[in-house]
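A.B. asks:
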Amino acid sequence: MLCYWVLLLIGVLSRSAAATPLVERETFVLYQTDAYGGEHQGQPFDDKPLLGDKLLVVTNVTLRGAKRVDAISFYYNSVSDGSPSVTHGGGGGELHNLDLQTGDYVKNIEVCVGSLGENDSRIFYAKVTAAGGASIEAGVRQPPSSCHVLAPDEERAVVGGYGRSAEELDRFGVWTRSLSGK
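Numbered according to mature numbering (1 follows the signal peptide of the UniProt record, and there is no 0), the sequence shown spans residues -18 to -1, 1 to 164.
#1: Which one of Glu136, Asp29 and Ala48 has the shortest CA to CA distance from Ala108?
#2: Kindly indicate which residue of Glu136, Leu151 and Gly143 has the alpha-carbon position closest to the one of Ser67.
#3: In the DSSP assignment, find the unbroken alpha helix (DSSP H) run with Lys30 in it and report its ends.
#4: Alpha carbon to alpha carbon, how far is Ser128 from Val95?
#5: According to DSSP, simplified to helix, strand and coil, what is Gly24?
#6: Could you check the C-alpha separation between Leu151 and Thr84 for me, to the nearest Å?
#7: What's the gap between the Cα of Val122 and the Cα of Ser162?
#8: Considering only the alpha carbon of each residue, which of Thr15, Leu80 and Pro31 lies closest to Leu45?
#9: With DSSP as the reference, identify every bridge partner of Gln14, one or two as the case may be.
#10: For Lys109, does the three-state DSSP call read helix, strand or coil?
#11: From Val156, Ala148, Phe154 and Arg138, pick the residue whose C-alpha is nearest to that of Phe10; which is it?
#12: How should Asp135 be labelled, buried or exposed, when 16 other C-beta atoms within 10 angstroms of its C-beta is the threshold for buried?
#13: Less than 8 Å between the C-beta atoms of Ala120 and Val51, yes or no?
#14: As a quick exercise: from Asp102, Val131, Arg153 and Pro126, pick the residue whose alpha carbon is nearest that of Val110.
Right under this line is the structure:
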């Protein structure tokens, strides 16, 4: 009889242990802002597949531009993937570099959209601001332009982008992630 109770107890414990994992796998939820700019120029791009469920840390952001924004690049540090990077746009314009210090992150990105003609909107100006206060900017604010601050709430950081680009940055929105990584 004792053997029956021991086997029953072992069966109950093994079922409850299987139903309640001791360590849950963390997931890294991405949030998407609206995108601004032209919907018809350039080719679509999206950093979401790179970001996936990995915790990539943005270590550097660059902007290229002159009269308009030519490109934006994100550089990452990842234990599992080395140091991947993404660039959206072309190689023209002046290079502006923002190195993020340990613990700093991209707080927001401002974009201003202007028109080159009917159905031909582009990103004319962009400013990347870090939580520590440092910032870079490229392009020129040209009236009439429509400016938008792509900003997550205080608990999230900008980690990548999506939109359209070719030789210039035509349309841009951002992906954000919780500062806690969840």
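We treat Cβ as the ideally placed atom computed from N, Cα and C, and that holds for glycine.
Note that this is a predicted model, so its numbers are computed, not measured.
C.D. replies: In this structure, then:
#1: Ala48
#2: Gly143
#3: Lys30 to Leu33
#4: 5 Å
#5: coil
#6: 28 Å
#7: 35 Å
#8: Leu80
#9: Trp157
#10: strand
#11: Arg138
#12: exposed
#13: yes
#14: Val131
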